[in-house]
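Read through the structure below, which is laid out as structure tokens, and then see the notes.
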Amino acid sequence: MRLSVRFNGKWFVVPCGEGENSIKWLIEETVRRSKAEKLHFTAKALEAVLAQGGGKLDPKDAINQVLNDSDFVRLSAVGAHVENGHTSPDGTLDGEVMEKSQDHAQFVELDGCSLSTETLVALGKGKLKIKLTEESEQNVNKSRGLLDDIVRENKVVYGVTTGFGMFASVVIPPEKLKQLQVNLIRSHAAGVGHPLSVKHTRMLFALRINILAKGYSGISLKTLRQLVAAFNESCLPWVPEQGTVGGKR
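Residue numbering for the sequence shown follows full-length UniProt numbering, starting at 1 and increasing by one per position.
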């Protein structure tokens, strides 16, 4: 297995064999590789944390017990770990201040039409949580009902019962419609560059929820509520800085 480790402003791909070595070994090996490339090393004591989610890794644990192949890890000074936190692209703690606790955060209702810039910034900083308006939930259910009718009646509708782009004229059989949607997600699950900060990731997440709250997409209310719940717990995706225009779907 191999891991991508962020340290001192640079990513290192570290081969780990079968992963039987310890997290402590991973830290030492990454530091060794950084010195080999003449990077300045100032930290006297380091700890390893998951790049996505920020979970702290015990130095004594075997790599293959706590990590999977191709996982992303960051090294930071001991004590610099942040709950709920991501670190910034340069490997330091995210410079944007997140609320230490969201237990008492106020809620803002989203309907897809009334989100202001000021509210979006507050959502990005973790000062607000999201809930959907009753009208929004009704609109979502109506659109989902229409989508279900299309599938049930075997109507030919682009992107629902057909392929995409040059395959728009290809009608997909009912038994393969679920796979069509899975393939669509996989085809867009790509990006490069550093991860966005927590603040910007939350803002993008909130914008996506807001658009879906309009009730035009055909998303199920159950799935949309799951997105809202994830946002409110700051359970955030890893979002590379660079993607594709088509990936916005």
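For each residue, glycine too, the CB sits at the ideal point set by N, CA and C.
Put residue i into one of helix, strand or coil per three-state DSSP.
{"i": "Ala230", "result": "helix"}
{"i": "Val73", "result": "strand"}
{"i": "Pro174", "result": "helix"}
{"i": "Phe107", "result": "strand"}
{"i": "Leu128", "result": "strand"}
{"i": "Val239", "result": "coil"}
{"i": "Phe205", "result": "helix"}
{"i": "Ala62", "result": "strand"}
{"i": "Val182", "result": "helix"}
{"i": "Asp94", "result": "The predicted position of Asp94 is uncertain, since its pLDDT is 44 and thus under 50; a value taken from the coordinates is nonetheless stated next. In this structure, Asp94 counts as coil in the three-state DSSP scheme."}
{"i": "Leu212", "result": "helix"}
{"i": "Asn8", "result": "coil"}
{"i": "Val192", "result": "strand"}
{"i": "Lys155", "result": "coil"}
{"i": "Leu67", "result": "coil"}
{"i": "Thr223", "result": "helix"}
Taking the beta carbon of residue i as the centre, do at least 16 other beta carbons fall within 10 Å, making it buried, or is it exposed?
{"i": "Cys113", "result": "exposed"}
{"i": "residue 251", "result": "Because the chain spans 1 through 249 in this model, residue 251 falls outside it and cannot be assessed."}
{"i": "Ala51", "result": "buried"}
{"i": "Arg208", "result": "exposed"}
{"i": "Pro240", "result": "exposed"}
{"i": "Ile185", "result": "exposed"}
{"i": "Leu177", "result": "exposed"}
{"i": "Pro174", "result": "exposed"}
{"i": "Val171", "result": "exposed"}
{"i": "Gln242", "result": "exposed"}
{"i": "Asn154", "result": "exposed"}
{"i": "Lys199", "result": "buried"}
Tell me, which residues are paired with residue i by DSSP?
{"i": "Val31", "result": "According to DSSP, Val31 bridges with nothing at all."}
{"i": "Thr117", "result": "Looking at the DSSP assignment, Thr117 forms no beta bridge with any residue, so it has no partner."}
{"i": "Ser22", "result": "Ala62"}
{"i": "Arg2", "result": "Pro15"}
{"i": "Glu47", "result": "Ser76"}
{"i": "Lys56", "result": "Val49"}
{"i": "Thr162", "result": "Val171"}
Compare the beta carbon distance of residue i and residue j with 9 Å and say whether it is the shorter of the two.
{"i": "Arg74", "j": "Arg2", "result": "no"}
{"i": "Val228", "j": "Leu132", "result": "yes"}
{"i": "residue 296", "j": "Leu115", "result": "This structure cannot speak to residue 296, because the chain is shown only from 1 to 249."}
{"i": "Gly193", "j": "Leu180", "result": "no"}
{"i": "Phe205", "j": "Phe231", "result": "yes"}
{"i": "Ala48", "j": "Glu20", "result": "no"}
{"i": "Val140", "j": "Leu221", "result": "yes"}
{"i": "Ala213", "j": "Leu46", "result": "no"}
{"i": "Trp11", "j": "Ser4", "result": "yes"}
- Message: Is it the case that the region 116 to 129 contacts the region 212 to 219, given that we only count it when at least three CB pairs across the two stretches are under 8 Å?
- Response: Short answer: they don't touch.
- Query: When the Cβ atoms of the region 51 to 60 are set against those of the region 29 to 36, are three or more pairs found closer than 8 Å?
  - Reply: Contact check between the region 51 to 60 and the region 29 to 36: fewer than three CB pairs, one atom from each, fall below 8 Å, which does not count as touching.
- Between the region 145 to 159 and the region 229 to 246, do three or more beta carbon pairs fall short of 8 Å? Contact between the region 145 to 159 and the region 229 to 246 is absent, because fewer than three Cβ pairs lie under 8 Å.
- Query: Given 8 Å as the limit, is there contact between the region 4 to 20 and the region 63 to 70, that is, 3 or more CB pairs closer than that?
  - Reply: Below 8 Å, enough C-beta pairs join the region 4 to 20 and the region 63 to 70 to call them touching: three or more.
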